[in-house]
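Chemist:
Residue numbers (the working numbering): 2 to 152.
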């Protein structure tokens, strides 16, 4: 018996093991895919969320350091969502890296006005927006970007 003929059974065993493992993987995939998923009601399915429109802006475009910055706005969701809870709104600041950071939050109701207040202890020009995250009923939305100068 030569060295090549001695390695032949090991090759066949390795090939058989590889085929067996790949067969197990293939048979496991259809079983997972066949698990029935509970379907959500039509109002909660992807793409069926109520759109949210946010109008927001500062009460004063310039504030002094330590003074209360007030943001006033309106959340519009349309007549279909008036009875549902609106969720949370976040006042966000854009950093130099282009990342939006939450500064303060408030709860909101659909089709209602809101006020956000924040005391700033830094000077400079801030780029801000109001953001509503996606929820089970509402799509994510953001107001137009606005700036505030802190003196």
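Ideal Cβ positions, reconstructed from N, Cα and C, are used throughout, including at glycine.
(1) Could you pull out every unbroken beta strand (DSSP E) segment of at least 3 residues lying fully inside the stretch 79–133, listed in chain order?
(2) Around the Cβ of residue 57, are there at least 16 other Cβ atoms within 10 angstroms (buried) or fewer (exposed)?
(3) Can you tell me the Cα-Cα spacing of residue 71 and residue 99, whole angstroms?
(4) If you count every other CB in all the chains shown that lies within 10 Å of the CB of residue 139, and 16 or more means buried, which is it?
(5) With C-beta atoms as the reference, is residue 126 less than 7 Å away from residue 117?
(6) Is DSSP giving residue 138 helix, strand or coil here?
(7) Taking the DSSP output, what are the residues bridged to residue 59?
(8) Verify whether the separation of the beta carbon atoms of residue 60 and residue 151 is less than 7 Å.
(9) Mapping the DSSP letters down to three states, classify residue 65 as helix, strand or coil.
(10) Starting from the C-beta of residue 122, find all residues in its chain whose C-beta is less than 8 Å away, skip the five residues before and the five after it, and write them out in chain order.
(11) Mind checking residue 113: buried by the 16 CB within 10 Å criterion, or exposed?
(12) With residue 51 as the anchor, note down where its beta strand (DSSP E) starts and where it stops.
(13) Taking its Cβ as the centre, do 16 or more other Cβ atoms sit within 10 Å of residue 111, making it buried, or is it exposed?
(14) Nearest to residue 144 by alpha carbon, out of 136, 119, 124 and 73?
(15) Is residue 25 helix, strand or coil by DSSP?
(16) Counting C-beta neighbours from all protein chains within 10 Å, is the total for residue 79 16 or more, i.e. buried, or is it exposed?
Modeler: The answer reads as follows:
(1) 88–95, 101–109, 113–120 and 125–133
(2) buried
(3) Put simply, the backbone Cα of residue 71 is about 23 Å away from that of residue 99.
(4) buried
(5) no
(6) coil
(7) Residue 59 pairs with 72.
(8) no
(9) coil
(10) 66 and 67
(11) exposed
(12) No beta strand (DSSP E) contains residue 51, which DSSP labels as neither H nor E.
(13) Result: buried.
(14) 73
(15) Only weak support is given to the placement of residue 25: the predicted model assigns it a pLDDT of 40, under 50, and the value that follows is read from those uncertain coordinates. Three-state DSSP puts residue 25 in a helix.
(16) exposed
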